[in-house]
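Asker: Residue numbers (the numbering used here): 166 to 408. The beta-carbon is built from N, C-alpha and C at its ideal position, and this holds for glycine as well.
#1: Have a look at residue 339 and residue 325 and give me their C-alpha separation to the nearest angstrom.
#2: If you draw a straight line from the C-alpha of residue 360 to the C-alpha of residue 354, how long is it?
#3: Taking the alpha-carbon of residue 323 as reference, which of 349, 269, 332, 289 has the nearest alpha-carbon?
#4: For residue 321 and residue 247, which I take to be in contact (beta-carbon distance under 8 Å), what is that distance rounded to the nearest angstrom?
#5: For residue 352, which beta-bridge partners are listed by DSSP?
#6: If you follow the alpha helix (DSSP H) that residue 226 is part of, which residue opens it and which one closes it?
#7: Provide the residue(s) that pair with residue 320 in DSSP beta bridges, ordered along the chain.
#8: Taking the alpha-carbon positions, what's the residue 260 to residue 234 distance?
#9: Could you please give me the residues that DSSP links to residue 399 through a beta bridge?
#10: Need the endpoints of the alpha helix (DSSP H) that residue 377 sits in, please.
#11: Put residue 213 into one of helix, strand or coil per three-state DSSP.
#12: Could you tell me which residues DSSP pairs with residue 310 in its beta bridges?
#13: Starting from residue 152, trace the beta strand (DSSP E) in both directions and tell me its first and last residue.
#14: Roughly how many angstroms lie between the CA atoms of residue 306 and residue 230, to the nearest whole one?
#15: If contacts are defined as beta-carbon pairs under 8 Å, then residue 315 and residue 385 qualify, I think. What distance do you get, rounded to the angstrom?
#16: Tell me whether residue 280 is buried or exposed, calling it buried when 16 or more other Cβ atoms sit within 10 Å of its Cβ.
#17: Within the continuous beta strand (DSSP E) that includes residue 278, where are the two ends?
#18: Provide the residue span of the alpha helix (DSSP H) that contains residue 371, from first to last.
#19: Just to confirm my understanding: we take residue 278, look at its own chain, exclude 5 residues before and 5 after, and list those with CB closer than 6 Å. What are they?
#20: What three-state label does DSSP hand residue 334 in the structure shown?
#21: Nearest by alpha-carbon distance to residue 286: which of 318, 300, 383 is it?
#22: Whole angstroms is fine: what's the gap from residue 214's alpha carbon to residue 334's?
#23: What would DSSP say about residue 290, mapped onto helix, strand or coil?
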């Protein structure tokens, strides 16, 4: 049986041999990778969950697309007193294996599905969450996928997602990248690891500008579109379907 216990992220201490993918090697270090690679990761999850709890009613149906190890769903489970129906979708078996272990440890009522997010049914949800996931979908498919999310949401439903973003001003964009690399260095990543991960993600992670993300949401049909949180080149968006 494979060992899926969590470990420190040391994936990029060795020369890369392939593009980045969410395989078992990533899964076992993923929680550590998130906390050391994403500014204010825990605070963003907390803010998302608090916002959801304030907005939706009893028995709301909530789906997390690309749920990975179920951090957001578990946070919702622990915070909610409204008996949310919680569903997580991911197509990485190793991620779901760890998610199952964590869910069982908490005794949480969360359903996990191993499915292709682009093909899964999104009908009849009150909230759709997609943290750091859309950026891995090719632009042409991304637009259609966001439209699918919009049409599947109930009236007054929320779409909340977090993304890496790029700045339109090239100088500012480079400065934000430099700030982000300093953030990673301060959390123990070497310059070699930073460069290796950048190379592994090239042509895999394709970020939009803030305006491009907002335009995509507006074109899909969302009328209320706001920034829930932003740090440098990371942003969390909240969009509401008209009631």
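Answerer: In short:
#1: 27 Å
#2: 10 Å
#3: 289
#4: Residue 321 to residue 247, Cβ: 15 Å. No contact.
#5: Answer by DSSP bridge pairing: none, since residue 352 is not bridged.
#6: First-last for residue 226: 226-230, but that is the beta strand (DSSP E), not the alpha helix (DSSP H).
#7: Answer by DSSP bridge pairing: none, since residue 320 is not bridged.
#8: 5 Å
#9: 329, 396
#10: 375-385
#11: helix
#12: Paired residue(s): none; residue 310 is not in a bridge.
#13: Because the chain here runs from 166 to 408, residue 152 falls outside it and cannot be looked at.
#14: 15 Å
#15: 4 Å
#16: exposed
#17: 275-279
#18: Neither: residue 371 is in no alpha helix (DSSP H) and is coded neither H nor E.
#19: 254
#20: coil
#21: 318
#22: 32 Å
#23: strand
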